[in-house]
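Participant: Per UniProt numbering, numbering of the sequence shown is gapless, rising by one per residue and ending at 160.
Think of the CB as a built atom: it goes at the ideal place given N, C-alpha and C, for glycine as much as any other residue.
What follows is a single structure, and I will ask about it in a moment.
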Amino acid sequence: MGLLDSVLGAVINNASQGGSGAAASGGAAGGLGGLISMAAQNPQLVQAVMSLISNDGPVGGLPGLMAKFQQAGLDNVIGSWLSAGPNQAISGEQLSNVLGSGPLSQIATQLGVGPGAAAGQLAQVLPGLVDHLSPRGEAPQGGFGNANDLFGMLGGLLQK
Numbered sequence: 001m002g003l004l005d006s007v008l009g010a011v012i013n014n015a016s017q018g019g020s021g022a023a024a025s026g027g028a029a030g031g032l033g034g035l036i037s038m039a040a041q042n043p044q045l046v047q048a049v050m051s052l053i054s055n056d057g058p059v060g061g062l063p064g065l066m067a068k069f070q071q072a073g074l075d076n077v078i079g080s081w082l083s084a085g086p087n088q089a090i091s092g093e094q095l096s097n098v099l100g101s102g103p104l105s106q107i108a109t110q111l112g113v114g115p116g117a118a119a120g121q122l123a124q125v126l127p128g129l130v131d132h133l134s135p136r137g138e139a140p141q142g143g144f145g146n147a148n149d150l151f152g153m154l155g156g157l158l159q160k
């Protein structure tokens, strides 16, 4: 978790020093501030979400996740996270239906909680993270990259 620790450390230092970016300013990026707070309190959750949306993750990255949302009839929900407009909320139960028991059990094990609790925690973080990783309101054609790429993107985004 060395990379995650360094990203979180930089983010927390930037925010505590009154950095000028979204992490420090709140406002329209208030969800990002919440993400920073949650990351500081529960780095395992951020790591689990990053592994979920990475191309080398259990669902095949963003393209695989989008396909799962489409299969569940919730493609409009993930579409809102990738668009420039407001994010639609998702419940833990809906996310459980989207992910299925395999990936969700894997994440629950990472977090040390049951699948229902894991789904609820993911539902709080996933929309904002996907939104902030697609700032132009578009899904990157090849997904977000592997886990290391994602941590680098998140670190750069949060330090602006």
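Which value, in whole angstroms, describes the spacing of the CA atoms of Asn-42 and Gln-121?
Facilitator: 10 Å
Participant: Can you give the Cα-Cα distance for Ala-48 and Asn-76, rounded to whole angstroms?
Facilitator: 23 Å
Participant: For the alpha helix (DSSP H) holding Asp-75, just list the boundary residues, first then last.
Facilitator: 75 to 82
Participant: How many whole angstroms separate the CB atoms of Ala-89 and Pro-127, which I take to be in contact at a CB cut-off of 8 Å?
Facilitator: 7 Å
Participant: Which one of Thr-109, Gly-85, Ala-108 and Gly-100 has the shortest CA to CA distance from Pro-135?
Facilitator: For the residues Thr-109, Gly-85, Ala-108 and Gly-100, the minimum Cα distance to Pro-135 belongs to Gly-85.
Participant: Given this structure, state the Cα-to-Cα distance separating Asn-146 from Val-46, to the nearest angstrom.
Facilitator: 15 Å
Participant: How many Å lie between Asp-131 and Gly-137 at the Cα?
Facilitator: 7 Å
Participant: Below 8 Å on the Cβ atoms is my contact criterion, and I expect Ala-123 with Leu-95 to pass it. Report the Cβ-Cβ distance as a whole number of Å.
Facilitator: 5 Å
Participant: Indicate the three-state DSSP secondary structure (helix, strand or coil) for Ile-107 in the structure shown.
Facilitator: helix
Participant: Can you say whether Ser-80 is buried or exposed, counting buried as having 16 or more other CB atoms within 10 angstroms of its CB?
Facilitator: buried
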